[in-house]
Amino acid sequence: MALTLSTALWFLPFVLPICLYVAWSDMKYMKIPNTSVLALLAVFVVVGLIALPLELYFWRYANFALVLLIGFLMTAARLVGAGDAKFAAAMAPFIAPQDGMLVLTLFAAVLLAAYVAHKIAGSIPAVRKATPDWVSWSVGNKKFPMGLALGGTLAFYLLLPVLL
Numbered sequence: 001m002a003l004t005l006s007t008a009l010w011f012l013p014f015v016l017p018i019c020l021y022v023a024w025s026d027m028k029y030m031k032i033p034n035t036s037v038l039a040l041l042a043v044f045v046v047v048g049l050i051a052l053p054l055e056l057y058f059w060r061y062a063n064f065a066l067v068l069l070i071g072f073l074m075t076a077a078r079l080v081g082a083g084d085a086k087f088a089a090a091m092a093p094f095i096a097p098q099d100g101m102l103v104l105t106l107f108a109a110v111l112l113a114a115y116v117a118h119k120i121a122g123s124i125p126a127v128r129k130a131t132p133d134w135v136s137w138s139v140g141n142k143k144f145p146m147g148l149a150l151g152g153t154l155a156f157y158l159l160l161p162v163l164l
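Numbering (my numbering), first residue to last: 1 to 164.
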């Protein structure tokens, strides 16, 4: 794993609240606000200068550009929502290119867990009563709040060096 403990510790205090907010917002409104995407990118722009060697810092913007392009194409093909694509692009600079397969595997696991947890939570009357206005409960099987999985993936990725 290319992500170091030092880098993870620099990013975590700023990234974790954004990831939690994105998960909540997408479950409640089925929207990932642009302000969240911009906040995540701003964290990388500022904290990345401290957390990463300068050469790596600038190369990570290539991750952003590549994921933004892929996200744009996937949004145009109606495979993902625009907010999901933009948030994924803002996540990309935080991920070491060497960790790409690790993050895709982590995303697959988090996506599966998030989907199951969301379906189970949505079927519990007490949860539904506590969150009656959450749009994600009422969209059925046609849509899923992907911000729950995207935010979870970035949070878990940054937590890995802390936990290992």
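Even for Gly, the Cβ is constructed at its ideal location relative to N, Cα and C. All figures in this text were calculated on a predicted structure; none of them were measured in a lab.
query = Between which two residues does the alpha helix (DSSP H) containing residue 128 stretch?
reply = Counting along the chain, the alpha helix (DSSP H) containing residue 128 begins and ends at 125-130.
ask   = Can you tell which of 114, 9, 163 and 65 has its C-alpha closest to the C-alpha of residue 165?
value = Because the chain here runs from 1 to 164, residue 165 falls outside it and cannot be looked at.
task = Would you mind sorting residue 93 into buried or exposed? The rule is 16 or more other CB atoms within 10 Å of its CB.
result = Buried is the call here.
query = Do you know offhand how far residue 11's Cα is from residue 121's?
reply = Straight-line Cα distance between these residues: approximately 30 Å.
task = Could you check what DSSP says for residue 80 in three-state terms: helix, strand or coil?
result = Reduced to three states, the DSSP call for residue 80 is coil.
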